[in-house]
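Chemist:
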Amino acid sequence: MKELKHINKYFYKYRYRLLFGILITICSKIFALFMPRFLGKAITVISKAYKNEITETVFRELLTLYILYIIGAAIVTGIFTFLMRQTIINVSRYIEYDLKNEVYRQYQNLSLNFYKSNRTGDLMNRISEDVTKVRMYCGPAIMYTINTITLFVVALIYMLSVAPKLTLYTVLPLPVLSFIIYKLSRIINKRSRIVQEYLSHLSAYTQESFSGISVIKSYGIEASNYDEFNTLSETSKQKQIDLTKVQALFFPSMILLIGISNILVAYIGGMQYINGEIEEIGTIAEFLIYVNMLTWPVATVGWVTNLVQQAEASQKRINEFLKQEPEIKNLNATPSQIDGNIVFDNVTYIYPDTNIKALDNVSFSLKKGETLAILGKTGSGKSTILDLIGRLYDVQEGHISIDGVKIDQVHLKSLRDHIGYVPQDAFLFSDTIENNIKFGKEDASEEDIITAAKNADVHKNIKKFSKGYQTKLGERGITLSGGQKQRISIARAIIKKPEIMLFDDCLSAVDTETEEKILKSLREISKGKTTIIVSHRVSSAKDADKIIVLEDGKIIQDGTHETLVNTDGYYKALYLKQLSTKEL
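Using the working numbering, the letters of the sequence shown correspond one by one to residues 8 to 591.
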């Protein structure tokens, strides 16, 4: 139960609902126990009438009275049972809702390194399947535990007062049943954990396959991919069958022991009635009903134990992530005003998962309104600079300052609110084009959306779609071309009108003519704003106030376009190469 202590805060939150549900549950079981008693009385009346021990008038009156009692008790029990489920089960749903939100918030707070070391399918399984297992502990497990305790306390006290010997024989098989169910539950729990692990593997593999379906089709490896999935699915199926085989013993064992209890009650009770130890024949029928009422709660002792064990295992998996401290923390609780002055002072960054030194003593400064272009070969550290400005990672050596304040002391949300970021790999959501553009500014007007699209030179493309801006995109924007995705991503960034704009090689998928149109718009938009453009093209960098060239994480050249084209080095060679290519 150690791991499940995490849920106690939610029990406290909904304590009044839970206490009311517990009270309702107790009332429900007390009224349920009236029915066997009245039924026993009714059978006794029938027996006395048959023996002519009572008159027909008395028989009819008493039988009618007991029937009305039984109906009344059933109605009241039904109402209380309905209220019981509406309280305790609803509380479990509230806790499930809160826990899912807690897990999701934690997922959002954790850094990018966390997502590099965990598979998406496993993350999804923990927030869905594992949380569901915990919900079963918060609802059904509690409800059936209260049912069992109430039934046993009330029923056994009454049964012992009526026929102690018969009560002993009635409950004799029940501990055996509970022990068998407990043993079966232990095995079920163990095999359930294995099934859960394989479900995570299956979810992760399926998610990756669907996300990378274009690569799978391009390489023509559908058959081998299917074979791998089939192998994993077959193993998962076998684990499910192993679990089902044990679960199949659950109800037969319960029915067998119920039958034994009923036989004992009928035989022992019958003998006691014949010997005069029991005065009323209805007592036997009453005890038969009590046996059947008590058997399921006894069986649920093992089942509830199984639920608790599964919830413990699932909560442990959830806690593994909830206990992880986010690497990126907001150290300043006061929102900051961002102007856009950026300074890198001997910044070094090494990716912890690969130990690759992405940046090595990088220094540069940008004043508000200036534009910096960063060029270099693939893997030279260009994108890392942008990630560090957005505090997706924190530097290990040196420091970055924004407006003269160290970046880790700047209010995190304020920093990101003032940044418009266009990643190299444009990511669009499975939503309308309009919602994808205003993702960065939810209160954007239609005019704002169209203006941003025009500045990104994608408005004409959008208008050609049958539903225009209301066109629903496929997963990751798969229905669009690479250039269209990049331009919508640019529109999403500039609609925020941020103080800092970061463009990570976001024009690589457009032709030079479209690139020039977008750059012209960006030059107008970026006036008075700090802009950093990462590119492989000199055409994107030539109008920047400052240009730096990276190689293996180090700055090997810096200056303006005019300075660098007249200096032998990487920039001049790239310029001449792209110039000759353009002329061809």
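Cβ atoms here follow ideal geometry from the backbone N, Cα and C, with glycine treated the same way.
Quick one: grab the DSSP three-state call for E590.
Modeler: Residue numbering aside, residue 590 sits at position 583 when the sequence shown is read from its first letter. Residue confidence for E590 is low, a pLDDT of 46 falling below 50, so the modelled location carries little weight and cannot support an answer.
Chemist: Less than 8 Å between the C-beta atoms of P333 and N132, yes or no?
Modeler: Reading the sequence shown from its first residue, position 326 is the one you call residue 333. Reading the sequence shown from its first residue, position 125 is the one you call residue 132. For P333 and N132, no; Cβs fall outside 8 Å.
Chemist: Looking only at its own chain, which residues have a Cβ that is under 6 Å from the Cβ of L591, when we skip the five neighbours before and after it?
Modeler: As a first step, residue 591 must be located in the sequence shown, where it is residue number 584. At L591, the pLDDT of 40 sits below 50, so the modelled position is not reliable and the matter cannot be decided from this model.
Chemist: Spatial neighbours of Y280 within its chain, please: C-beta separation below 7 Å, excluding the five flanking residues on both sides.
Modeler: Walking along the sequence shown from the start, residue 280 turns up at place 273. Only I288, I291 meet the Cβ criterion.
Chemist: Three Cβ pairs or more, each shorter than 8 Å: is that satisfied between the stretch 346–355 and the stretch 397–410?
Modeler: In short, these stretches touch, since the Cβ pair count reaches three.
Chemist: Label F294 either buried or exposed according to how many other C-beta atoms from any shown protein chain fall within 10 Å of its C-beta, with 16 as the threshold for buried.
Modeler: Here residue 294 refers to the residue found at position 287 of the sequence shown. Buried, by the Cβ-count rule.
Chemist: Here's a check: name, in chain order, each residue in its chain whose Cβ is nearer than 6 Å to the Cβ of K584, leaving out the five neighbours to either side.
Modeler: As a working note, residue 584 is residue 577 in the sequence shown. Nothing meets the Cβ criterion.
Chemist: Less than 6 Å between C-beta atoms, sequence neighbours within five positions excluded: which residues of the same chain meet that for K549?
Modeler: The residue you call residue 549 lines up with position 542 of the sequence shown. Contacts found: H568.
Chemist: What do you reckon, are the CB atoms on L11 and E286 nearer than 8 Å?
Modeler: In the sequence shown, residue 11 corresponds to position 4, counting from 1. In the sequence shown, residue 286 corresponds to position 279, counting from 1. Result no, Cβ atoms of L11 and E286 do not sit closer than 8 Å.
Chemist: Mind listing, in chain order, the continuous beta strand (DSSP E) runs of no fewer than 3 residues lying wholly within the stretch 424–489?
Modeler: If we require 3 residues or more, the beta strand (DSSP E) runs fully inside the stretch 424–489 come out as 426–429.
Chemist: Would you kindly check if the distance between the Cβ of V315 and the Cβ of V298 is under 8 Å?
Modeler: Position 291 of the sequence shown, counted from the start, is the residue given in the question as residue 298. Position 308 of the sequence shown, counted from the start, is the residue given in the question as residue 315. No.
Chemist: Quick one: give me the first and last residue of the beta strand (DSSP E) that Q564 is part of.
Modeler: Walking along the sequence shown from the start, residue 564 turns up at place 557. Residues 561–566.
Chemist: By how many angstroms is the C-alpha of E523 removed from the C-alpha of Y122?
Modeler: Locating residue 122 in the sequence shown gives position 115, counting from the first residue. Locating residue 523 in the sequence shown gives position 516, counting from the first residue. Near 36 Å, if we compare the C-alpha coordinates of E523 and Y122.
Chemist: Tell me, please, which residues DSSP counts as bridged to M508.
Modeler: Translated into the one-based positions of the sequence shown, residue 508 becomes position 501. Beta-bridge pairing links M508 to G427, T538.
Chemist: Could you tell me whether the stretch 363–372 touches the stretch 554–568, using the rule of 3 or more Cβ pairs below 8 Å?
Modeler: Yes, the stretch 363–372 is in contact with the stretch 554–568.
Chemist: Output yes or no for whether 8 Å exceeds the beta carbon distance between D455 and T521.
Modeler: As a first step, residue 455 must be located in the sequence shown, where it is residue number 448. As a first step, residue 521 must be located in the sequence shown, where it is residue number 514. Not closer than 8 Å, so no.
Chemist: Can you check DSSP and say which residues form a bridge with A380?
Modeler: In the sequence shown, residue 380 corresponds to position 373, counting from 1. Note: A380 sits in a beta bridge opposite I540, I554.
Chemist: Which residue marks the beginning of the beta strand (DSSP E) containing S372, and which one marks its end?
Modeler: The residue given as residue 372 occupies position 365 in the sequence shown. That run of the beta strand (DSSP E) goes 364–373.
Chemist: For I50, tell me which candidate among S35, I77, G28 has the shortest Cα-Cα distance.
Modeler: Sequence index remark: in the sequence shown, residue 50 carries index 43 (1-based). If we check each option's Cα against that of I50, I77 comes out closest.
Chemist: Please classify I270: is it buried, with 16 or more other beta-carbons within 10 angstroms of its beta-carbon, or exposed?
Modeler: In the sequence shown, counting from the first residue as 1, residue 270 sits at position 263. Answer is exposed; the Cβ neighbour count stays below 16.
Chemist: Quick check on the DSSP output: the beta strand (DSSP E) that includes S515 runs from which residue to which?
Modeler: Your numbering for residue 515 matches position 508 in the sequence shown. Premise fails: S515 is in no beta strand (DSSP E) and is neither H nor E.
Chemist: Express the C-alpha separation of K384 and T361 in angstroms, rounding to a whole number.
Modeler: One-based indexing of the sequence shown puts residue 361 at position 354. One-based indexing of the sequence shown puts residue 384 at position 377. About 19 Å.
Chemist: Using only CA atoms, which one of F217, I31, T127 lies nearest to Y151?
Modeler: Translated into positions along the sequence shown, residue 151 becomes position 144. Looking at the Cα atoms, I31 is the closest of the given residues.
Chemist: Measuring CB to CB, does A80 end up less than 8 Å from F18?
Modeler: Within the sequence shown, residue 80 is the residue found at index 73, counting from 1. Within the sequence shown, residue 18 is the residue found at index 11, counting from 1. Against a cut-off of 8 Å, the Cβ pair of F18 and A80 comes out as no contact.
Chemist: Of the choices L393, H466, R499, N468, whose alpha-carbon is the least far from that of I444?
Modeler: Working through the sequence shown from its first residue, we reach residue 444 at position 437. If we check each option's Cα against that of I444, R499 comes out closest.
Chemist: Quick one: measure Cβ to Cβ for G405 and V354, integer angstroms, because I've assumed they're closer than 8 Å.
Modeler: For the purposes of this step, residue 405 is taken as residue 398 along the sequence shown, with counting starting at 1. For the purposes of this step, residue 354 is taken as residue 347 along the sequence shown, with counting starting at 1. At roughly 4 Å, the Cβ-Cβ gap stays under 8 Å, so G405 and V354 are in contact.
Chemist: Kindly indicate which three-state DSSP category I31 falls into: helix, strand or coil?
Modeler: Locating residue 31 in the sequence shown gives position 24, where the first residue counts as 1. Looking at I31 - three-state DSSP - the assignment turns out to be helix.
Chemist: Count the CB pairs spanning the stretch 197–205 and the stretch 248–261 that are closer than 8 Å, and state whether there are at least three.
Modeler: Taking 8 Å as the limit for Cβ pairs, the verdict is that the stretch 248–261 does touch the stretch 197–205.
Chemist: State buried or exposed for S473, treating a residue as buried only when at least 16 other CB atoms are found within 10 Å of its CB.
Modeler: For the purposes of this step, residue 473 is identified with residue 466 of the sequence shown, where counting begins at 1. Classification for S473: exposed.
Chemist: Could you give the distance in angstroms between the alpha-carbon of Y578 and the alpha-carbon of E109?
Modeler: In the sequence shown, residue 578 corresponds to position 571, counting from 1. In the sequence shown, residue 109 corresponds to position 102, counting from 1. Rounded to the nearest angstrom, the two C-alpha atoms are 49 Å apart.
Chemist: Taking its Cβ as the centre, do 16 or more other Cβ atoms sit within 10 Å of L581, making it buried, or is it exposed?
Modeler: For the purposes of this step, residue 581 is taken as residue 574 along the sequence shown, with counting starting at 1. It counts as buried.
Chemist: Give the single residue among L395, G576, W310, H543 whose Cα lies nearest to the Cα of A380.
Modeler: Counting from one through the sequence shown, the residue named residue 380 turns up at place 373. Minimum Cα distance to A380 is reached at H543.
Chemist: Thinking F27 and T94 are a contact (beta carbons under 8 Å), I'd like their distance in whole angstroms, please.
Modeler: Position 20 of the sequence shown, counting from 1, holds the residue named residue 27. Position 87 of the sequence shown, counting from 1, holds the residue named residue 94. Correct: roughly 6 Å between the Cβ atoms.
Chemist: Between the Cα of L509 and those of R530, A230, T538, R193, spot the shortest distance and give me the residue it belongs to.
Modeler: As a working mapping, residue 509 is identified with position 502 in the sequence shown. Ranking R530, A230, T538, R193 by Cα distance to L509 puts T538 first.
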